[in-house]
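K.L.:
Sequence order for the protein chains is B and V. For the first sequence, position 68 (counting from the first letter as 1) is numbered 68 according to the numbering used here, and the numbering increases by one without interruption. For the second sequence, position 281 (counting from the first letter as 1) is numbered 281 according to the numbering used here, and the numbering increases by one without interruption.
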Amino acid sequence: MKRRQYVIGITALAATFVIFVLPFIFILLNASKTSQDSAALDFSLPDRWVFFENLIAVVQARDYILLLAYWNSTLITVCSVALMVIFGAMVGYILQRRHSAWNKVIFGFVLAGLMIPPAVVPTIWLLQQIGLFKTIHGMILIQCAYGLSFSVLLFRQFIGTIPRDLDEAARIDGASPLQIFFRVILPLLKPVTVTVIVVQSITVFNDFTHPLYYLPGRENVTVQLTLYNFQSQFVSQMNLLFMNILLVTIPPLIVFLFFNRQIVAGMTAGAVKG
Amino acid sequence: MARVELHDIRKSFGKVEVIHGIDLTIEDGEFCVFVGPSGCGKSTLLRIISGLEEQTSGRIEIDGRDVGNLEPVERDIAMVFQSYALYPHLTVGENIGFGLSLARKPKAEIAEAVNRVAETLQLGHLLDRRPKELSGGQRQRVAIGRAIVRDPKVFLFDEPLSNLDAALRSQMRIELTDLHAQLGSTMIYVTHDQVEAMTMADKIVVLKDGAIEQVGTPMELYDKPATPFVAGFIGSPKMNLFDGDVAAQKGCEVYGIRPEHIRLTDDGDWHGRVRLVERLGADTIVHAEMETFGPMIIRTDGQSELREGREIRAAPMPEREFRFGKS
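1. So for R146 of chain V, helix, strand or coil by DSSP?
2. Taking Cβ-Cβ distances shorter than 9 Å, what residues in chain B pair up with Y87 of chain V?
3. Is any beta-carbon of chain B found at less than 9 Å from that of S328 of chain V?
4. Short of 7 Å in beta carbon distance, which residues of its chain neighbour V190 of chain V, apart from the five on each side in sequence? Order them along the chain.
5. Go through its chain and collect everything with a Cβ distance to V215 of chain V's Cβ below 6 Å, but skip five positions before and after it.
6. Here's a check: name, in chain order, each residue in its chain whose Cβ is nearer than 6 Å to the Cβ of I234 of chain V, leaving out the five neighbours to either side.
7. Using the C-alpha atoms, what's the distance from V194 of chain B back to K11 of chain V?
8. In this structure, does DSSP put Y214 of chain B in helix, strand or coil?
9. Take Q55 of chain V as the anchor and find which of V:C32, V:H20, V:G64 has the nearest alpha-carbon.
10. Using a Cβ cut-off of 8 Å, which residues of the stretch 69-81 of chain V contact any Cβ in chain B, in chain order?
11. Roughly how many angstroms separate the alpha carbons of V16 of chain V and D301 of chain V, rounded to a whole number?
12. Give the straight-line distance between the Cα atoms of A31 of chain B and Y84 of chain V, rounded to the nearest whole angstrom.
13. Count the other CB atoms, across all protein chains shown, that sit within 10 Å of the CB of Y6 of chain B; report buried if there are 16 or more and exposed otherwise.
14. Note down, in chain order, each residue of its chain lying with its Cβ closer than 7 Å to the Cβ of N240 of chain V, except the 5 sequence neighbours on either side.
15. Hey, I96 of chain V and V154 of chain V: beta-carbon distance below 9 Å or not?
16. By the three-class DSSP mapping on this structure, what secondary structure does G93 of chain V have?
17. Tell me whether the beta-carbon of E70 of chain B lies closer than 9 Å to the beta-carbon of P191 of chain B.
18. Under a CB-based cut-off of 9 Å, is Q96 of chain B close to chain V?
19. Just how far apart, CA to CA, sit V142 of chain V and E112 of chain V?
20. With three or more beta-carbon pairs closer than 8 Å as the criterion, would you say the stretch 105-123 of chain B touches the stretch 177-192 of chain B?
21. Establish whether the CB of D98 of chain V and some CB of chain B are separated by less than 9 Å.
22. Would DSSP call G270 of chain B helix, strand or coil?
23. Please look up how many angstroms separate the CB atoms of Y278 of chain B and I142 of chain B, rounded, as I've assumed it's under 8 Å.
24. If you draw a straight line from the alpha carbon of E308 of chain V to that of V277 of chain V, how long is it in whole angstroms?
25. Going by DSSP, what residue range makes up the alpha helix (DSSP H) through P122 of chain B?
26. What residue from V:D28, V:P225, V:E319, V:F293 has the CA that sits closest to R313 of chain V's CA?
27. Short of 6 Å in beta carbon distance, which residues of its chain neighbour T188 of chain V, apart from the five on each side in sequence? Order them along the chain.
28. Run the CB neighbour count on R275 of chain V, radius 10 Å, all protein chains shown included, and call it buried at 16 or more, exposed below.
29. Within 10 angstroms of the Cβ of V155 of chain B, are there 16 or more other Cβ atoms? Answer buried if so, exposed if not.
30. Could you tell me if A2 of chain V is buried or exposed, where buried requires 16 or more neighbouring beta carbons within 10 angstroms of its beta carbon?
31. Does the Cβ-Cβ distance between E71 of chain V and G99 of chain V come in under 9 Å?
32. If we cut at 9 Å on Cβ distances, does L161 of chain V have a partner in chain B?
33. How far does the beta strand (DSSP E) with K203 of chain V in it reach, from first residue to last?
34. Suppose contacts are defined by Cβ-Cβ distances below 9 Å. Is L90 of chain V in contact with P152 of chain V by that definition?
35. For chain B, check one thing: does any of its Cβ atoms lie closer than 9 Å to the Cβ of L52 of chain V?
36. Reducing DSSP to helix, strand and coil, say where T328 of chain V ends up.
Here it is, written out as structure tokens:
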């Protein structure tokens with residue numbers, strides 16, 4: 001039995017290494033090569049290490065467009081995730097606590113949001129009609145709409161584990177419905193809020209297609225779209241492309257590493273009800 | 001302090017009526033206990049008084065004021081829940097002061113009130129702890145503290161002791177009785193435990209199937225139960241109740257005799273055999289199989305030498321038999 005566990009463990013580690021670590025090493029190596037070296041796209045060590053030169057070249061490319069992209073992506077991510085947390089928690093709370101005939105209808109819409117794939121052309125038409133096409137706040141609302149269903153489901157599920165007695169105790173203490181939500185329920189949602197923040201911010205930050213469709217324009221560029229800077233039909237600078245990939249991968253990685261502990265801490269705190 | 005009056009309170013969930021027209025007056029400063037088996041509507045009735053549940057019809061008055069349509073906070077009541085319902089993210093001090101902070105009282109006033117309550121309930125050293133760092137008894141005290149800090153007219157308790165172990169429960173019973181004596185407020189207490197009802201109440205309301213079965217002082221209910229249900233519910237071990245032929249011989253529908261009102265005596269008319277003996281120290285509970293009656297519980301003194309299988313003869317104490325008409 002022990003031997004078998006050992007073998008399974010080693011196999012799993014090896015698979016993880018091949019799937020997750022090898023590509024990362026490949027990116028790292030190619031980001032350190034010169035343009036000619038990297039064109040070969042092989043798994044060799046660079047003849048000459050030009051990591052920092054490449055880094056500077058990528059940041060400076062097209063008049064520092066990467067920095068603008070970072071700003072835009074961060075703005076979109078922070079705002080849309082904030083909206084998802086607030087609205088997701090509110091809708092989840094009402095769906096879980098207040099029973100009415102409308103609940104099924106609302107829940108149907110939430111599920112529809114998860115199941116029905118978004119249609120790009122009508123969405124662009126709608127955005128144009130209400131003057132939100134090619135705007136950052138339009139993009140924020142789109143990301144919020146795409147992510148809200150999942151957030152609502154997570155919050156609704158978690159709120160089910162909070163005893164209703166707490167709401168009632170707060171009501172007896174004289175809290176209004178908004179006060180019950182903001183002063184009693186919301187602070188208790190910390191573990192699931194962290195989960196929503198991590199999952200959604202990584203999704204929004206890494207999103208490539210939606211900004212491509214809904215957010216054209218040089219000043220609207222997001223980090224994933226900067227990858228196009230170094231790849232075109234005739235000229236590809238693979239070393240800079242890989243450096244760019246490295247740079248846009250780092251923020252989500254940091255978010256995950258930072259919040260990973262928080263998730264575990266939050267979950268164990270929620271497991272023992274006070 | 002306040003007098004609570006209920007007039008023809010009815011409550012339906014969908015088509016099912018669970019409270020069937022309750023009329024009740026709880027006097028100023030009284031400790032009133034609602035008791036009954038689970039599902040009898042006692043908690044629902046308490047929630048209607050608190051305002052957490054709305055009555056389908058009927059009138060509720062506190063201190064002569066119709067409060068039927070008011071929010072809980074406007075009724076000037078406080079409630080202690082079975083699960084304590086402490087806010088897990090707040091400290092003990094913040095839990096107690098939560099209601100006052102919602103009412104936007106000045107910080108100094110809140111702190112003073114919290115300290116005063118903490119003093120009364122011996123919670124002073126725990127004010128900075130979170131609920132999860134407290135024992136069951138301490139949590140219960142915090143829940144009570146949260147209720148008394150607002151100085152309400154009426155206290156409502158929804159089975160507050162049922163999550164505690166036996167020793168702590170009897171200690172908290174005494175503390176609650178002391179608290180009632182100290183505050184002199186009207187208190188309404190829901191329990192399914194007849195011992196709590198008997199030991200703490202000024203007045204007991206026995207409920208069954210959403211209607212009042214009997215109202216009275218603990219000893220009134222013990223000495224003069226109005227129905228076999230009340231007779232069986234009040235007193236421990238419960239009263240021996242017999243219907244059918246046995247009751248017919250005694251000239252009634254249901255015949256009842258409490259275990260402590262049966263004497264084991266050699267010249268007794270009832271005979272049977274001991275099936276099981278429970279020794280509690282001070283008392284001995286004898287489960288016997290009697291010839292005419294069938295199973296019967298008899299309470300006798302702790303020094304009894306009785307053993308399983310022994311033949312016994314018993315007799316009821318005079319004036320202690322109960323005969324009920326149709327229940």
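Backbone N, C-alpha and C fix where the C-beta goes; we use that ideal spot for every residue, glycine too. Only a predicted model underlies this, so the values are computations on that prediction, with no experimental measurement involved.
P.N.:
Straight from the coordinates:
1. helix
2. L166, A169, A170, R183, V184, P187, L188, G274
3. No answer is possible for residue 328 of chain V: the residues shown for chain V start at 1 and end at 327.
4. F34, K42, S43, L46, F157, D158, E159
5. V205
6. Q194, L221, Y222
7. 42 Å
8. helix
9. V:H20
10. E71, P72, V73, I77, A78, M79, F81
11. 48 Å
12. 60 Å
13. exposed
14. G256, I257, P259, M296, I297
15. no
16. helix
17. Here residue 70 of chain B turns out to be Tyr, not Glu, going by the sequence shown. Not closer than 9 Å, so no.
18. no
19. 16 Å
20. no
21. Note on residue identity: the sequence assigns Phe, not Asp, to residue 98 of chain V. F98 of chain V counts as touching chain B.
22. With a pLDDT of 44 at G270 of chain B, under the threshold of 50, the predicted position of this residue should be treated as unreliable, and no value is reported.
23. Shown here, chain B extends from 1 to 274; a query on residue 278 of chain B therefore has no answer.
24. 6 Å
25. 120-129
26. V:F293
27. Before going on, a small fix: residue 188 of chain V reads as Ile here, not Thr. Answer for I188 of chain V: C32, L156, listed in chain order.
28. exposed
29. Checking the displayed sequence, the identity of residue 155 of chain B turns out to be Phe instead of Val. Buried is the call here.
30. buried
31. no
32. no
33. 203-208
34. no
35. yes
36. An answer regarding residue 328 of chain V cannot be provided, because it is not within the stretch 1 to 327 covered by chain V.
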